[in-house]
Each structure stands twice: as structure tokens, then as C-alpha cells.
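Student: Each residue of the sequence shown is one higher than the one before, counting from 1 in full-length UniProt numbering. Glycine included, each C-beta is placed from N, C-alpha and C at the ideal position. Have a look at the structure that comes next, please.
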Amino acid sequence: MKNTLIAPSVLSADFANLQRDIEMINNSEADWFHIDIMDGVFVPNISFGMPVLEAITRHAKKTIDVHVMIVNPDQYIKTFAQLGTTNLTVHFEACTHLHRTLQAIKAEGMKAGVALNPHTNVALLEDIINDIDVVCLMSVNPGFGGQSFIERTYDKVKQLKEIITRNNASTLIEIDGGVSDKNAKQLVEAGADVLVAGNYVFRAQDPVATIASLKKLTSF
Ligand code: DX5
Ligand code: ZN
């Protein structure tokens, strides 16, 4: 049976009630905390930084999946590890020496993730797929929550799944952006393992029930 992992995106939480929203995720069927860090350079938005990440990890009781949308992520790898990060995902487009960056992330005891912008072809990962724990396929342009899902993502998932299988890799496929009950099942059928959901969870009347229904819809 497929156990799809659900990763609510804290970017869509109520920052004035952050601890309450973290406890909501702790007490739900969610698997990971997805945490978006933006620098206003790699993406046209600034989210939050280390002090807020530290506050989140103090209360969060599940896998800490940090997605960094920043230039020069190498200089912060150690800090992310010290703050309790489980998975550190860097952008393909921000790393000139991606192989070196992934080794540095693993040397700090974290899982290494690579995020691809919508325009980046998954075939570019062919030579490095065995070194990647998680590929995060952006199904919106990174920078903001609440955008609409880019339909082309299904084909990218299938193509990436084929690369993973052919290379005998154990890489997980994570989808980030515009995920909802409208596309979740089809994404998992195409090969997705982890679904990030921001607005769909946090704008719902009952976020705990919404997480449970997403989990049920994608576990078959
Ligand atoms: C976008 C972030 C996403 C975002 C997803 O740059 O990487 O994680 O929070 O939010 P939704 O699910 O609302 O598109
Ligand atoms: Zn993200």
C-alpha cells in the first residue's frame, strides 16, 4: 500500500498564532513540517529566517523539511543542522556545485533535497540522482503560497520517476505548490511520494480533517 507523506507548509500558518498551528500539525496525520525560507534575492519575497525556524523546531514533533529559496545556501548548512533540520532542500538553480553542496548537507547528518523550478528539466538530475534523498518539484513559481498548480507537473513527475527507477535510486518525489484534492491523487499515481500543502490546509475550516482527507485520498 502506498503511504503518501503529507507536509503542511508553515508559510500559510497564522504567524501570530504559530505555536497553536504547530500543535495542530503535531496532532494531525501530517508527516512532515514544510518550512519555506526565502531571501528576497533568489525569489521576490522574504519569508522568515533562523529565529523563527528555531521557534518552530522547539515545538514541532515531526520531520523538519526545510526548503531554502536562497542564493549561496552553503554558508548556512551548519546552522540549519544545529537548528534541528531533518531534510535540507536547496534549489538546483542556486547551486553552481550541487554535488558538493549535497555532500556538505549529508556530512551534517541531514537528508539532502534538490528543488527544481517549473522551467528546469528533470533530466538535468540524471548524473546526480543517486546522491539526492528528495527531489522537490515546484508546481508553482517559488516565492508565494496560494498560487495555482501548473499542469505540466504530472509529466515531470512521470519522467523523474522513470529516472529514479532506472538508476535504482531511493529518491523521494515531493510536490510543492497549489496541491489540493483536485490534483493529489493524480500526482501520486504519476509517482509522487510527498505532497506539500499550504493554503489548502490552512485556509480550510478544519485543517486537521483536511490533512486526514488528503492522506486518505492518496493512500491506496
Ligand atoms: C512556495 C513555497 C510553497 C508554498 C506552498 O514558494 O515553496 O511551499 O508555501 O503553498 P500552497 O500550497 O498554498 O501553494
Ligand atoms: Zn516550499
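#1: Return the chain-ordered list of same chain residues with a C-beta closer than 6 Å to the C-beta of Val71, the five sequence neighbours on each side being excluded.
#2: Taking the straight line between their C-alpha atoms, what separation do you get for Asp176 and Val201?
#3: Secondary structure at Ser213, three-state DSSP: helix, strand or coil?
#4: Just to confirm, are Cys136 and Ala115 a CB contact at a threshold of 8 Å?
#5: State the Cα-Cα distance for the pair Ile56 and Phe92, rounded to the nearest angstrom.
#6: So, using beta-carbon positions, are Val196 and Ser9 closer together than 8 Å?
#7: Going by DSSP in three states, Ala55 sits in which element: helix, strand or coil?
#8: On a CA-only basis, which of Asn45, Ala60, Leu217, Leu53 is nearest Arg20? Give me that one, please.
#9: So, under 8 Å CB-CB, Met69 and Gly145 are touching, yes? Tell me the CB distance rounded to an integer number of Å.
#10: CA-CA distance, Ala30 and Phe80?
#11: Of the choices Leu172, Gly178, Gln205, Ala209, whose alpha-carbon is the least far from that of Lys2?
#12: Excluding the 5 residues preceding and the 5 following Glu23 in the sequence, name in chain order all residues of the same chain whose CB lies nearer than 8 Å to its CB.
#13: Take every Cβ of the region 208 to 220, pair it with every Cβ of the region 180 to 196, and state whether three or more of those distances are shorter than 8 Å.
#14: Which one or two residues does DSSP pair with Ile173 in a beta bridge?
#15: DSSP state of Ser47, grouped into three classes?
#16: Starting from Ala115, follow the beta strand (DSSP E) in both directions and report where the run begins and ends.
#17: What span of residues does the alpha helix (DSSP H) with Leu102 cover, start to end?
#18: Given a cut-off of 8 Å, decide if Ile6 and Ile211 are closer than it, judged by their beta-carbon atoms.
#19: Tell whether a beta-carbon distance below 8 Å holds between Lys111 and Asn87.
#20: By DSSP, does Ile163 sit in helix, in strand, or in coil?
#21: Roughly how far, in whole angstroms, is the beta-carbon of Thr89 from the beta-carbon of Val134, given that I think they are within contact range, below 8 Å?
#22: Are the CB atoms of Ser12 and Gly198 nearer to each other than 8 Å?
Tutor: Reading off the structure:
#1: Position 71 of the sequence shown holds residue 71. If you ignore the 5 residues before and after Val71, its C-beta comes within less than 6 Å of the C-beta of Val41, Phe42, Ala94, all in its own chain and listed in chain order.
#2: On the sequence shown, position 176 is the one that residue 176 refers to. On the sequence shown, position 201 is the one that residue 201 refers to. Cα to Cα, the separation comes out at about 13 Å.
#3: Taking the sequence shown and counting its residues from 1, one reaches residue 213 at position 213. DSSP, read as helix, strand or coil, puts Ser213 in helix.
#4: Start at 1 with the first residue of the sequence shown, and residue 136 comes out as number 136. Start at 1 with the first residue of the sequence shown, and residue 115 comes out as number 115. Between Cys136 and Ala115, the CB-CB gap stays under 8 Å.
#5: Here residue 56 corresponds to residue number 56 of the sequence shown, with the count starting at 1. Here residue 92 corresponds to residue number 92 of the sequence shown, with the count starting at 1. The alpha-carbon atoms of Ile56 and Phe92 are separated by roughly 26 Å.
#6: Position 196 of the sequence shown holds residue 196. Position 9 of the sequence shown holds residue 9. In this structure, Val196 lies near Ser9, with their beta-carbon atoms less than 8 Å apart.
#7: Counting from 1 along the sequence shown, the entry for residue 55 is found at position 55. Ala55 falls in the helix class under three-state DSSP.
#8: Locating residue 20 in the sequence shown gives position 20, counting from the first residue. The shortest Cα separation from Arg20 among Asn45, Ala60, Leu217, Leu53 belongs to Ala60.
#9: Residue numbering aside, residue 69 sits at position 69 when the sequence shown is read from its first letter. Residue numbering aside, residue 145 sits at position 145 when the sequence shown is read from its first letter. The Cβ separation is near 12 Å, so there is no contact.
#10: Position 30 of the sequence shown, counting from 1, holds the residue named residue 30. Position 80 of the sequence shown, counting from 1, holds the residue named residue 80. Roughly 22 Å between the two C-alpha positions.
#11: For the purposes of this step, residue 2 is identified with residue 2 of the sequence shown, where counting begins at 1. Answer by Cα proximity: Leu172.
#12: Position 23 of the sequence shown, counted from the start, is the residue given in the question as residue 23. So the list reads His59, once near-sequence residues are dropped.
#13: As far as the Cβ criterion goes, the region 208 to 220 touches the region 180 to 196, which means the pair count is three or higher.
#14: Sequence index remark: in the sequence shown, residue 173 carries index 173 (1-based). DSSP lists Val135 as partners of Ile173.
#15: For the purposes of this step, residue 47 is identified with residue 47 of the sequence shown, where counting begins at 1. Ser47 sits in coil when the DSSP states are folded into three classes, being neither helix nor strand.
#16: Your numbering for residue 115 matches position 115 in the sequence shown. Where Ala115 is concerned, the enclosing beta strand (DSSP E) stretches over 111 to 116.
#17: On the sequence shown, residue 102 is found 102 positions in, with the first residue counted as 1. 98 to 107 is the span of the alpha helix (DSSP H), which, as asked, contains Leu102.
#18: Reading the sequence shown from its first residue, position 211 is the one you call residue 211. Reading the sequence shown from its first residue, position 6 is the one you call residue 6. Taking 8 Å as the cut-off, the beta carbon of Ile211 is found closer than this to the beta carbon of Ile6.
#19: Residue numbering aside, residue 111 sits at position 111 when the sequence shown is read from its first letter. Residue numbering aside, residue 87 sits at position 87 when the sequence shown is read from its first letter. Judged by beta-carbon spacing, Asn87 lies within the 8 Å limit of Lys111, meaning their Cβ atoms are closer than that value.
#20: Along the sequence shown, read from residue 1 onward, the residue named residue 163 stands at position 163. Residue state, collapsed to three classes: helix.
#21: Within the sequence shown, numbered from 1, the residue matching residue 89 stands at position 89. Within the sequence shown, numbered from 1, the residue matching residue 134 stands at position 134. Here Thr89 really is in contact with Val134; their C-beta atoms are around 6 Å apart, less than 8 Å.
#22: Within the sequence shown, numbered from 1, the residue matching residue 12 stands at position 12. Within the sequence shown, numbered from 1, the residue matching residue 198 stands at position 198. Contact flag set, yes.
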